[in-house]
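Quick notes on the structure that follows.
Number of protein chains: 2
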Amino acid sequence: MPEKNFFLLLLIAKHGGVEGEFVSSTSKIANATGLSQQSVSRKLRELAKQQFIALQASPAGVSAKLLEKGKKALLEKYSDLSEIFSKTKAKKIFGTVQSGLGEGKYYLSFKQYVYQLKEKLGFEPFLGTLNFSVDEAELSSFKKALKEIYINGFATKERSFGGLLAMKVKINGKILGAVIFPDRTNLPPDTAEVIAPINLRKKFELKDGDKIALEA
Amino acid sequence: MPEKNFFLLLLIAKHGGVEGEFVSSTSKIANATGLSQQSVSRKLRELAKQQFIALQASPAGVSAKLLEKGKKALLEKYSDLSEIFSKTKAKKIFGTVQSGLGEGKYYLSFKQYVYQLKEKLGFEPFLGTLNFSVDEAELSSFKKALKEIYINGFATKERSFGGLLAMKVKINGKILGAVIFPDRTNLPPDTAEVIAPINLRKKFELKDGDKIALEA
DNA sequence: ATTACTAACATACGAGTAA
DNA sequence: TTTACTCGTATGTTAGTAA
Numbered sequence: 016m017p018e019k020n021f022f023l024l025l026l027i028a029k030h031g032g033v034e035g036e037f038v039s040s041t042s043k044i045a046n047a048t049g050l051s052q053q054s055v056s057r058k059l060r061e062l063a064k065q066q067f068i069a070l071q072a073s074p075a076g077v078s079a080k081l082l083e084k085g086k087k088a089l090l091e092k093y094s095d096l097s098e099i100f101s102k103t104k105a106k107k108i109f110g111t112v113q114s115g116l117g118e119g120k121y122y123l124s125f126k127q128y129v130y131q132l133k134e135k136l137g138f139e140p141f142l143g144t145l146n147f148s149v150d151e152a153e154l155s156s157f158k159k160a161l162k163e164i165y166i167n168g169f170a171t172k173e174r175s176f177g178g179l180l181a182m183k184v185k186i187n188g189k190i191l192g193a194v195i196f197p198d199r200t201n202l203p204p205d206t207a208e209v210i211a212p213i214n215l216r217k218k219f220e221l222k223d224g225d226k227i228a229l230e231a
Numbered sequence: 016m017p018e019k020n021f022f023l024l025l026l027i028a029k030h031g032g033v034e035g036e037f038v039s040s041t042s043k044i045a046n047a048t049g050l051s052q053q054s055v056s057r058k059l060r061e062l063a064k065q066q067f068i069a070l071q072a073s074p075a076g077v078s079a080k081l082l083e084k085g086k087k088a089l090l091e092k093y094s095d096l097s098e099i100f101s102k103t104k105a106k107k108i109f110g111t112v113q114s115g116l117g118e119g120k121y122y123l124s125f126k127q128y129v130y131q132l133k134e135k136l137g138f139e140p141f142l143g144t145l146n147f148s149v150d151e152a153e154l155s156s157f158k159k160a161l162k163e164i165y166i167n168g169f170a171t172k173e174r175s176f177g178g179l180l181a182m183k184v185k186i187n188g189k190i191l192g193a194v195i196f197p198d199r200t201n202l203p204p205d206t207a208e209v210i211a212p213i214n215l216r217k218k219f220e221l222k223d224g225d226k227i228a229l230e231a
């Protein structure tokens, strides 16, 4: 139930803080909000009656302080808004280049993968992946902002190969590539691999420990 | 000017995200909010007319998407709330012990200060202050989390003495003391003084450059 | 199933003013 | 100066329906 006097509650918190007291007068608040003195008076009493604030009113002015219910109401909306904006926020992450074990190169040598990658991503990957480490939570929220493209697994006479998730990203603001998450991987969760139509190590003169930027 | 239909705007953002589209129907939204189908219909059209959202309505349902003005309105409240709640967060700071110039000791020798400190803080301070330096922004946000206690100035035949702000803190998680900010001070803004009922240097065997923790 | 108009009703607002 | 009451008016809401 959207609390009717939410904005007045917010104003009180803005001036008095979460724990502190907001000392003012109904006319000053009226000026600040565009409401009338009478409406402010009434609204404050409503907030107090509903236990959002503790209110003291006298011919000297008013003093308001958040009660638990008031803090909770504000925190709830704060949490909603955090969630909304943090989804879009993580559009860029920074990874630290690491040396891989040549696995990526091995898998990318199979045309069954390459065909699909070319078709679904729009480029034929350079034969090799660039591994990088990144904060796990950041990586997780970054992934949420990206569209998932699935590359199917396949089987040869010898063995079967798992599928992989691919997500298009821009590397260092220049090269269009993709982060890939193989279904079967030995990489720790704070590590990921990126592929691109070119040799990223060469193009950006990357050494282990260097930083790369990935954008959605 | 608090936007009237803020909560509906928030609901749209919650479901459709900042960039995405929220596909629903006025009756579903009515059920979710406790409003009537008619009111939801009207409010959506109001939000659209005010350019907060782009709205498409048809016998198949409604589809809403945030416009720049809508994003801005939500972000503004998000920023307000962040500020309010981040103020309480900074409840602990670390300072670096510095040697003072013995000024604190001089001032604390005046009973006019000591009387008030004892009465308003609940302890009689040890004759001497401990100076420490701390990140200025951190100090500033820490101060906001603390209750201000004012110690009045006074005058003798020879000269007048300024007042000082005192704020109760716990030092190194053990000793209850207070940070003091004299009205007239020569200390740089990233430096502060702390007083306590005991000799803090002795108690914690502090040398210059040692760290102390201060909690609200 | 939808959205949204009309009209009756409920609530909110603020000018005047008392305390 | 204050807060806050009364009360006429503006605004918001929703049931009944049309499309």
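If you read the protein sequences in the order shown, they are chains A and B. With this note's numbering as the guide, the letters of the first sequence map in order to residues 16 to 231. With this note's numbering as the guide, the letters of the second sequence map in order to residues 16 to 231. All residues carry an ideal CB built from backbone N, CA and C; glycine is no exception.
Whole-angstrom distance between D205 of chain A and S175 of chain A, CA atom to CA atom: 26 Å
Using a Cβ-Cβ distance under 7 Å, would F169 of chain A count as near chain B? no
If you count every other CB in all the chains shown that lies within 10 Å of the CB of K86 of chain A, and 16 or more means buried, which is it? buried
With respect to the beta strand (DSSP E) encompassing G76 of chain A, which residues constitute its N-terminal and C-terminal limits? 76-81
Output the boundary residues of the beta strand (DSSP E) element that contains G4 of chain B. A query on residue 4 of chain B cannot be resolved here, the shown segment of chain B reaching from 16 to 231 and no further.
Would you call the CB atoms of E208 of chain A and T144 of chain A closer than 7 Å? yes
So if DSSP puts A207 of chain A in a beta bridge, which residue, or which two residues, is it bridged to? A:F147
Spell out a yes or no on whether the segment 109-117 of chain B and the segment 174-190 of chain B are touching, meaning 3 or more CB-CB pairs, one atom from each, closer than 8 Å. no
Strictly by DSSP, which residues pair up with I166 of chain A? A:L179
Span of the alpha helix (DSSP H) holding F219 of chain A? Counting along the chain, F219 of chain A falls outside any alpha helix (DSSP H), and DSSP gives it neither H nor E.
Cut-off 6 Å between Cβ atoms - residues of its own chain near K135 of chain A, not counting five sequence neighbours on either side: I164
Meets three-Cβ-pair contact criterion under 8 Å: the segment 16-28 of chain B and the segment 212-229 of chain A: no
Closer than 7 Å, Cβ to Cβ, to anything on chain A: give me those residues from the segment 16-33 of chain B, in chain order. M16, P17, F22, L25, A28, K29, G32, V33
Closest residue to G168 of chain A among A:G178, A:L161, A:K159, A:A160 (Cα-Cα distance): A:G178
Nearest-angstrom Cα separation, counted from L26 of chain B out to A63 of chain B: 15 Å
Express the C-alpha separation of V112 of chain B and E220 of chain A in angstroms, rounding to a whole number. 45 Å
Rounded to the nearest angstrom, what separates E236 of chain B and L81 of chain B at their Cα positions? Since the first residue shown for chain B is 16 and the last is 231, residue 236 of chain B is missing from the structure and cannot be characterised.
Coil, strand or helix - I227 of chain A by DSSP: strand
So, is the C-beta of D198 of chain B closer than 7 Å to a C-beta in chain A? no
Using a Cβ-Cβ distance under 7 Å, would D95 of chain A count as near chain B? yes
Could you work out which residues of chain B lie near L89 of chain A, taking near to mean beta carbons separated by less than 9 Å? L96, I99, F100
Taking the C-alpha atoms as reference points, what is the distance between I213 of chain A and D198 of chain A? 24 Å
DSSP state of A47 of chain B mapped onto helix, strand, coil: helix
Residues sharing a beta bridge with S39 of chain B, DSSP: B:V77
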